[in-house]
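Inspection log for the structure reproduced underneath, given as structure tokens.
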Amino acid sequence: MDNSLRGRTVVVTGGTRGVGAGIVRAFAEAGAQVLTCARRPPEQPLDGVGFTPLDLRDPPAVRAFFDALPRLDVLVNNAGGTPYRRLADADAERHARVIELNLVTPLTASLAAYEHLRRSRGSVVMIGSVSGSRPSPGSAAYGAAKAGLENLAGSMAVEWAPEVRVNMLVVGMVRTELAHLHYGGQDGIDAVSRTVPLGRLAAPSDVGAAAVFLASDAAAYISGASLLVHGGGERPAFLDAATANKED
66 MDNSLRGRTV
76 VVTGGTRGVG
86 AGIVRAFAEA
96 GAQVLTCARR
106 PPEQPLDGVG
116 FTPLDLRDPP
126 AVRAFFDALP
136 RLDVLVNNAG
146 GTPYRRLADA
156 DAERHARVIE
166 LNLVTPLTAS
176 LAAYEHLRRS
186 RGSVVMIGSV
196 SGSRPSPGSA
206 AYGAAKAGLE
216 NLAGSMAVEW
226 APEVRVNMLV
236 VGMVRTELAH
246 LHYGGQDGID
256 AVSRTVPLGR
266 LAAPSDVGAA
276 AVFLASDAAA
286 YISGASLLVH
296 GGGERPAFLD
306 AATANKED
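Sequential numbering of the sequence shown, starting at 66, is according to the working numbering.
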């Protein structure tokens, strides 16, 4: 078992629920000292995990938060998300706010954390999405931001080497407490799960385990990588539509 994260300081942005809470829990179980920041506190705080209220869209506040830390070994840029919104149903300013949250705030946090990470020879883990590599109707601005985030992570990995490693998790569908808003009730979740080769949606703990791996010494020679955490991806629609090669 890799114990390299024991005692190290980890910040997870937006780690109060869903995927973020799963990441926080995974690092805490690995023995790290975990601090999370978000606009609202968690409904169910974890023992030993610190929380600081912070609007990540406020660069001076973000810089003050990181400057006050005595040490930082790992930054997980998890904060983000989007409502379902078709492009023509909102103005450009509203879509720009989605891009700000999902692309600009990870850059803001990473720059604010850089000196800490350089001194500790630490790492950054970006939480991306499969929406950044395929059409994303209903969340186009989000998908565009996640595509930009992957490019940013790759450039950051080159610029900040060898002191700081930077990697990205490309996350597929996850079963969180809000999954019903995206997929419907249990019947909808079951139907969507059948489209995933592994037969289920990810659990937040699956994403957390992958983030812990990338931040650990087990991944010491991995930087600039995008690790797919999507259960095998999506079965191509044409396979179900085709009439040839069907099993009896």
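Cβ atoms here follow ideal geometry from the backbone N, Cα and C, with glycine treated the same way.
Residues bridged to residue i (per DSSP)
i	result
Ser-194	Val-236
Ser-188	Val-139, Arg-230
Ser-291	Met-233
Ala-267	Val-239
Neighbour-count burial assignment, residue i, 16 or more Cβ in a 10 Å radius
i	result
Arg-159	exposed
Leu-214	buried
Lys-211	buried
Phe-131	buried
Asn-216	exposed
Phe-278	buried
Asn-68	exposed
Arg-105	exposed
Ala-284	buried
Arg-136	exposed
His-245	exposed
Leu-263	exposed
Ser-281	buried
Ser-196	buried
Ser-371	Nothing about residue 371 can be reported from this structure: the residues present for the chain run from 66 to 313 only.
Same chain, Cβ closer than 7 Å to residue i, five either side skipped, listed in chain order
i	result
Ser-288	Ala-222, Ala-226, Arg-230, Val-231, Asn-232
Ala-37	Outside the shown range of the chain, which is 66 to 313, sits residue 37, and nothing can be said about it.
C-beta contact flag for residue i and residue j at 8 Å
i	j	result
Leu-119	Arg-90	no
Ala-178	Leu-140	yes
Leu-70	Ala-86	no
Val-75	Gln-98	yes
Gly-203	Arg-150	yes
Ser-291	Gly-193	yes
Ala-218	Met-238	no
Ala-144	Leu-176	no
Ala-268	Val-294	no
Thr-147	Val-163	yes
Within-8 Å CB hit, residue i to chain D
i	result
Trp-225	Looking at the structure shown, chain D is missing, and only one protein chain is on hand.
Own chain partners of residue i with C-beta closer than 6 Å, once the 5 adjacent residues on each side are dropped
i	result
Ser-185	Asp-138
Gly-115	Leu-100
Leu-168	Ala-210, Gly-213, Leu-214
Cβ shell of residue i (< 8 Å), same chain only, five flanking positions each side left out
i	result
Arg-183	Trp-225, Glu-228, Val-229
Which ranges does the beta strand (DSSP E) cover as unbroken runs of at least 3 residues, wholly within the stretch 75-136, from first to last along the chain?
98-103, 115-118
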